[in-house]
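Report on one structure; see the data block that follows.
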Amino acid sequence: MKEKFIKFGKNLVTTEEFVAEGHSFCSGCGEVLALRLACKALGRNVIIANATGCIEVCTSPLPVTSWRVPWMHTLFENVAATTSGIEAGLKILTRKGRMPERDITCVAIAGDGGTSDIGIQALSGAFERNHDFLYLCFDNEAYMNTGIQRSSSTPYGASTTTVPAGKFSIGQTTWKKNMAEIAIAHNIPYVATACPSYPFDLMNKVKKGGEVTGPAYVHIFSPCPTGWRHASDLAIEIGRLAVETGIFPLYEVENGRYKLNVDRPKLRPVEEYLKPQGRFRHLLDGEIEKIQDHVNNEYAKLKAKVACFAA
Amino acid sequence: MSKRVGLEASHAAAEAARMADVDIIAAYPITPQTHIPERLAEMVADGELNAAYMPVESEHSAMSACLGAAAVGARTFTATGGPGLEYMHNVLYVASSMRLPVIMTVANRALSAPLSIWGDHSDAMGSRDTGWIQVFCQNSQEAFDMTLWAFRVGEDSRVLFPVMVHLDGFHLTHVTEPVILPEQEEVDRFLPRFHYPFALDPDKPMTHGAFGPPDIYFEAKIAQEIALRKSKAVIIQGFDEFGDIFGRYYHPIEPYKTEGAKTLLLTMGSFSETAKIAIDIKRNEGESVGLINLRLWRPFPLEELRQVVKNVEILIVFDRCISFGGPGGPVSSEIRAALYNQKERPRVVSIIGSLGGRDMSVKDFEYIIDRGREVAKKDSQELYETVGIRGEVTDIRGLK
Amino acid sequence: MREKRLKTGSDFTWRDIKVGNIVTEVGNAALRRTGDWRSQRPIIDKEKCNKCGLCWLYCPDAAIKPLEDGYYERNLFYCKGCGTCAKVCPREAITMIEEEEQ
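Line by line, the protein sequences give chains A, B and C. Okay, so the first sequence: first residue is 1 according to the numbering used here, each after it adds one. Okay, so the second sequence: first residue is 1001 according to the numbering used here, each after it adds one. Okay, so the third sequence: first residue is 2001 according to the numbering used here, each after it adds one.
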C-alpha cells in the first residue's frame, strides 16, 4: 500500500460529485450509485478509461458529459488495453522527464460484458503485464445497456432476452463466471468483491485498489431494477440479500491472502434473494434447490480458501 | 556526418522510430512484421532507446494501448500486417476519429484463407476507409524516411491523424538495401517533440470518446473528413521540409519518365522499382511508356493524378489485391472514379497480380504493359485481367 | 453554469465540433433536468430525521443535498423518484408521494 489511508465513514466521504447530477441512468440504478461512491473514494487525481456500456452511454452523449475527471472511451472490448497504454504512457513520460512525477490513479471501468466476455482477453493481458491500474467491473449480470442480453456473468436461471425463460427453457443454464477468482488466478496484488449496499466497504476497497502498486480488480455487484425486474427502490435491499444469502460474498484477497468481509453464522435461503426479482419468477422449486446447493458449495469452498490462505 | 549502411527495411523502420525517440511501442508479432518489434525490443533492452515496449497480447490490444498512450501525450509506434491489421480493424477507425496520432508500419501481407504469410496489398486495401493517412514505400531508404516523416505530419497540431507506412511484406521488409542514416541533430531539427493539445490530465479534465447520437454523428464525421483533406497541405509541407533537411524530396505522386508518354503504368510499393526497369527497357525500344509511383494513398492525391494523366491515352493500374465481386482492383476502381468526370481521360485498364507473395519479374511488367495496351485498344468489357495465373482465365465475370 | 440550457447535437454545425469530438465543458450534464422523469417524490420529515446521512449516501442521482445544519434536502431538479432514500432511511422519515398529490 502506498500510504496508510483512513477507512471511510460518513463524515469522511466527500460531498463532491465526480459524476455530475443529471445523468441518464435508470431511476433506482444500483450501478450508478456504486459508480458515484467509487469515484468519491478515488478523488480527482484519476484518469478513467471506460468501456462501452451503461456507464459510458448514460454519462457521455455528445455534446454532453457527466464527467468531472479526465475520461476516455474507445470501444467495448479493450478498456484494459487502453488503460495499459495510459498507464505506460504516463510512466514513460515521467521516466523521460517530460512530465513531473504525479500521483495519478489509472482506472478502467467496464460492465460485466466488457469484462468477462468480450473484454477478458485484454484484461488478462493487462494483468499479466503487471500494469499499475485499478479495474472496476460493474456487474449488473447482463448486457443491460443494449437490452438485457445475457453475458457469462448472468446467473443460473435468470431470464435474459437472448436466453429467455420459456416453455423449453429456464433461461441461463450455465453458472455465473467467477471473475474475481480469474483475477486472483493472475496473482495480482489485490482483488475484492463489493456491493453498493455496503457503501463504506465498497469505498474502502476501491481506495485500497487504487493505492496498490500493480493491478487491482474490484468486482462490484450492481443491482439493476430495469433488467432484474424489481422495484426501483429495492436495489440496496437486493444487494444486501445477495450478500446475506451467499449469492455474492464480500471478500478481498491481498497478495493471495483471503479475507471474508461479511459473514453470517447461517446464510439466508437463496429464495429470499430470488423472489423479488422478475428475472427469476419462472423458476420452480427444483431449480431453486439447485441454486441453493450451488451457493452452499461455492460458499464452503470460499470459506475453505479463507481458512487455508488467511490474511 | 550521415552514414550509409545496409539495412533491412524492417530495421530501417525501427531505426527511424528510435531516432524519433518514440515513447511507447505496443506491438504483437506477426510475420512478416516481426523484425520490426524485435529490433525495437532489442534497442530498449540494450538502452539504445528510452521507451516502454509493451508486449501486448493481440493486435487489437496493441492499437488500443497506443490510443491510451497517445491520449496522455506519448509518442507511439506500432507495426503489424495482414491478419494483424484486420484484428485491429475496429480500433483503426477509433484512432482516426478520435484524432490520436499513432504511427504504424504495415508489413503488407495477404489475408486468409488460405493462410498466407506472404505479401500483397489486401490488408492495406481492407483499411482504405479507416481515415488514416497512408503512404507506400519502394525501398529501405523510404522505409526509414517515411517513418520519420509520418511522426512529423501525424503529430502536427494541424493534423493529429494516425499514419500508416506500408512496406511490402518480405519483398521489402526482409530485403537489405543501402540506407543513408542522418545525424540525430538533423532528425531533431526536422521532428519537434510531440505535444498532444488535449492530453488526459486531472488538472484539465476533458471527456474523450463521447458517443454520437444521430443528431450529431454525421457532423462529427464530416468534420473529420474535412480535417483529413486539409491535412494534405501539411503532408506536402512535411515532404518539402524533409527534402530541405535530408536532401530527399518525396511527392504524393511520383512520375517516372512520363513526359510525352501515351501509356502509363501505375504501381504502388516496392514493385514500382521492378516496373521502372520494364519501363526503361520499353523506352529503349522506342515505346511511348512511363510509370506513376503512387506514394500517397490517403488522402487520395486527386489533383496530382489528374495532372499527370493529362494527354495520356492508356493508364494501366496494377493492383495487388482483389476486390471480390467488385468492378476491378481496388486501386483501379479509385483511379477510374477519380478520372470519371474529367473531360479528357485515359482508358483505364485494371490488372491484378502478385497475390499471396507471387513474385513479379521485369518480364511480367513488360507483359502487363503490352497486354494492357491490347486490352485498352480492344475496348474490352472485361473488368480486369490477371497476370501470372496458371490456367487461362477467360472472363473474370464468369460469363462465357 | 454559464450556459442556460442543456446542449443537444442539433445545436452544432460541423464546424462547432471540437477536434476528436472532445468535450471540454466538464459535467455539463448537470443542466439536464432529470426531475421531469419522476412519478413520485420524497418528503423528508425533519422531526423524525436523525441526520444519519444515509439518504444522501445512497441516492443514485446525487439528488439529496447536505445542508449546513446537518439535515438533508431533496433536489427536485434531479430527483427521479426511485424511492431508495425512503427505503433506506432507518427512521422512516422519508415517504414517497405521487407527483400529482401536492
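In this text, a Cβ means the ideal position worked out from N, Cα and C, and glycines have one as well.
Query                                                                                                               : Result
Classification of CYS2055(C) by the beta-carbon crowding that lies within 10 angstroms, buried from 16 upward       : buried
Host alpha helix (DSSP H) of HIS1011(B) (start-end)                                                                 : 1009-1019
Minimum Cβ-Cβ distance from THR74(A) to chain B less than 7 Å                                                       : yes
Interface partners of TRP313(A) on chain C, CB under 8 Å                                                            : In the structure displayed, chain A extends from 1 to 311; residue 313(A) sits before or after that span and is not available.
Rounded distance between the beta-carbons of GLY246(A) and TYR299(A), thought under 8 Å                             : 4 Å
Own chain partners of VAL1375(B) with C-beta closer than 7 Å, once the 5 adjacent residues on each side are dropped : VAL1349, GLU1382, GLU1385
Assigned secondary structure, ASP1201(B) (DSSP; H/G/I helix, E/B strand, else coil)                                 : coil
Cβ neighbour criterion (16 or more within 10 Å) applied to ASN1341(B)                                               : exposed
Residues near MET1043(B) by beta carbon distance below 6 Å, same chain, minus five either side                      : ARG1018, LEU1049
Within 7 Å, strictly: CB atoms of TYR1456(B) and THR1130(B)                                                         : Nothing about residue 1456(B) can be reported from this structure: the residues present for chain B run from 1001 to 1400 only.
Contact with chain A by SER1097(B), beta-carbon distance below 7 Å                                                  : no
The region 1022-1032 of chain B contacting the region 35-55 of chain A, beta-carbon criterion three pairs below 8 Å : no
Residue from LEU134(A), THR162(A), TYR156(A) whose Cα sits closest to the Cα of TYR143(A)                           : THR162(A)
ILE1279(B) burial status per 10 Å Cβ neighbour count (16 or more: buried)                                           : buried
C-beta atoms of PHE280(A) and GLY157(A) nearer than 7 Å                                                             : yes
Simplified DSSP assignment, three categories, for ASN50(A)                                                          : strand
Proximity test, Cβ basis, 7 Å: GLY9(A) and chain B                                                                  : no
Residue-level contact to chain B via CB, ILE2043(C), 7 Å cutoff                                                     : no
Proximal residues to SER222(A) (C-beta, below 6 Å), its chain only, five neighbours per side dropped                : GLY30, GLU31, ALA34, PHE138, ASP139, ASN140
Cβ neighbour criterion (16 or more within 10 Å) applied to ASP1379(B)                                               : exposed
Presumed contact (8 Å Cβ cut-off) between GLY22(A) and ARG2032(C), rounded CB distance                              : 4 Å
Proximity test, Cβ basis, 7 Å: SER1064(B) and chain A                                                               : yes
C-alpha gap between ALA1012(B) and GLY1260(B), whole angstroms                                                      : 36 Å
DSSP beta-bridge partners of LEU1291(B)                                                                             : TYR1256(B), LEU1265(B)
Min CB distance ALA1074(B) to chain A below 7 Å                                                                     : yes
Partners in chain A for SER1058(B), counting only beta-carbon separations shorter than 9 Å                          : ALA81, GLN121, ALA122, GLY125
Whole-angstrom distance between PRO70(A) and ARG2002(C), CA atom to CA atom                                         : Because the pLDDT of ARG2002(C) is 46, which lies under 50, any placement of that residue in the model is unreliable, and the question is left without a value.
Per-residue burial, LEU2076(C) [other beta carbons within 10 Å of its own, 16 or more giving buried]                : exposed
Interface residues of chain C facing MET1206(B) [CB-CB closer than 8 Å]                                             : ILE2022, VAL2023, THR2024, VAL2026
Inside the region 36-99 of chain A only - alpha helix (DSSP H) runs reaching at least 4 residues                    : 54-59, 79-95
Cutoff 7 Å: SER222(A) Cβ touching any chain C Cβ                                                                    : no
Same chain, Cβ closer than 7 Å to LYS2087(C), neighbours up to 5 away in sequence not counted                       : none
Ordered list of beta strand (DSSP E) runs contained in the region 1341-1372 of chain B, each at least 3 residues    : 1347-1353
Min CB distance ASP1201(B) to chain A below 7 Å                                                                     : yes
DSSP state of GLU1303(B) mapped onto helix, strand, coil                                                            : helix
Bridge-paired residues (DSSP) for LEU1181(B)                                                                        : LYS1003(B)
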